[in-house]
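In the numbering used here, the protein residues as written are 667 to 1134. Beta carbons: idealized from backbone N, C-alpha and C, even for Gly.
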C-alpha cells in the first residue's frame, strides 16, 4: 500500500509529494492531464509573493509580515482566516532555499513589473520551468507519477480516507493509501458548474457563458464536489474567484498571463453603453486586477472597454494583442462598436474632472499620486490623467477566470475538516483550500504562496501520519 497518495499535478501537489518523499514516505502522484499539459494553473504563474525583513538576492528593501497582512486584509475585505493566512505569509519567508534545492531558479523583476521588486520573487523561466524542475526532482527522489489519471471518486468512512478511484477507458482502478493529499484545484473549467453558480442576471443572460478560462481545462472540480457531498466543511462561495479583466480575444482555455490588459489603472474603463462604472485608480494594479474581472462580469454582455491615450505607453506591461487605435475618440468608438456621441461625452466629462488639468496634482504611476477627479461619479482616485494626446487605444475586455475560491476548510496541519473535526488522514493544498485565505480579491503571487506553504505542510503532515 502507498504511504501518501497525492491527487493533482500543479505546484501544491508537487510540493506535497516532495515533502512527503523527503520524510521517507512512498508517494504516488496522480495527474489528470496528459504529460504535455501537466502542471495545472501553475504553468501560467510568474512569481511568489514573499515576506522578508531585509533585501534578499532578487528581492529589494523589506516586506514585513504586518504590511503583507494588511495588504491581504484590504483586498479580501476581511474575508480571510488570519491564523491560516499568517502561516502562509511566514512560510513564504523561508521556502525559497527549499525550492532552489529542488531546481527552481529566481530572477529579478521584469520590465513593466518593477513595482513588484520588493514583494515578489520571479521564477526564471516562469511557472512552466518551476513545474518542470519539481517533476524532475520528484522523479529523481522516487515519487511515482501517473498522467492521464483523473480521480472520479473517493472511498471514505467517517472522514477517513480509504481509497481513490481512477478512471480507466472502460473501468475504474481502486488505489489504497495510508494518507491522501488532495490538490486537484477548483471547478473553474466546469462550464455547467459555473452556469449554476452564477445563474441568470438582470438582462436574462447567463454571465458564465461569456467567461474565459485563463488556466487549465482539467480543473473540473470533481473531487471538490465529492468532498462537499461527503460533508466536509466549506469555505467561501460558488461565485468567488480569481477573476481578471482580460483581452476579449483570448482563447477559451490556457491564455494565461499573456491575455491580461494591465493599463486599466492608467486609463478609463467603460461598459457597452460607453459609461464608466468603477474607480480605475483605487489601488495599484497588482492589488486590484483580480477584482476587475468581477466588475466586468456584472456589466451587460460581460464586456467592457479600457481606453488610454499615448501618455501611459511604456508605463505598463504591453499586451500581447495590439488594441484598436484611432486619432480621435469618435473614431475609436466606431472601431470598438460603441456609441461615439456617448463615449465622447464620457471622455469629455472625465477630462474636465482631472485635477492635473487644474494644476492640483503631479502624476506619478509608481506611487499613489493622489491625482484625482473632482465631482465625477464614480471618481478616479489616483493616476487621473486626461485622455488628450492621440493616438488613442482601446481594448475590449471579458472576465477571465483563473481559479474558483469555493473550497474545503483546513487547519494549520492542512487537514480537511468534517463537522468541525479534522480528518485523520486526508489533507488539502492549493486552490481547493485557498478560500481559507482568499475570500475575495487577490494579491499578485499569493496563489503560489498559499500553494507552496500548504503543499509543503500537507506533504509533511501526511508523511508523518503514514509513519504512525
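In this chain, the beta strand (DSSP E) harbouring residue 839 covers 838 to 848. Judged by beta-carbon spacing, residue 1111 lies beyond the 7 Å limit of residue 1049, meaning their Cβ atoms are not closer than that value.
The residue among 1063, 799 and 859 with its C-alpha nearest the C-alpha of residue 684 is 799. For residue 822, DSSP records a beta bridge to 827.
Between the stretch 720 to 729 and the stretch 881 to 898 there are fewer than three C-beta pairs closer than 8 Å, too few to call the two in contact. Annotation for residue 887: 852, 853, 856 and 859 place their beta carbon closer than 7 Å to its own, counting only its chain and skipping 5 residues before and after.
For residue 1130, no pairing in a beta bridge is given by DSSP.
In this structure the stretch 1090 to 1100 touches the stretch 1071 to 1081; the number of beta carbon pairs closer than 8 Å is three or more. Within the same chain, 758, 785, 786, 1109, 1110, 1111, 1112 and 1115 come within 7 Å of residue 715 by CB-CB distance, once the 5 residues on both sides are set aside.
Here residue 678 is not near residue 830, since their CB atoms are 7 Å or more apart. For residue 908, the enclosing beta strand (DSSP E) begins and ends at 907 to 913.
Around the beta carbon of residue 968, 16 or more other beta carbons lie within 10 angstroms, which makes this residue buried. Shown here, residue 860 sits in a helix according to DSSP, grouped into three states. Counted as a single uninterrupted DSSP element, the beta strand (DSSP E) harbouring residue 1089 occupies residues 1087 to 1094.
Taking the Cα of residue 847 as reference, the smallest distance to any Cα among 1103, 1092, 1120 and 675 is reached at 1092.
The shortest CA-to-CA distance from residue 996 to any of 812, 1117, 743 and 1054 is the one to 1054.
Around the CB of residue 838, fewer than 16 other CB atoms lie within 10 Å, so the residue is classed as exposed. In this structure, residue 719 keeps its C-beta atom at 7 Å or more from the C-beta atom of residue 691. For a cut-off of 8 Å, the C-beta gap from residue 987 to residue 698 is around 30 Å, too long to register as a contact. By the CB criterion at 7 Å, residue 922 and residue 960 fall outside the cutoff. Only buried fits residue 998, as 16 or more other CB atoms lie within 10 angstroms of its CB. The beta-carbon separation of residue 878 and residue 1064, rounded to 5 Å, stays under the 8 Å limit for a contact. If you look at residue 673, you'll find it in the beta strand (DSSP E) that goes 668 to 673. Distances from the alpha-carbon of residue 693 to those of 826, 746, 1103 and 842 put 842 closest. Here the stretch 701 to 717 lies against the stretch 756 to 772, with 3 or more beta-carbon pairs under 8 Å apart. For the pair residue 803 and residue 769, the Cα-to-Cα distance works out to about 7 Å. Around the C-beta of residue 673, 16 or more other C-beta atoms lie within 10 Å, and the residue is accordingly described as buried.
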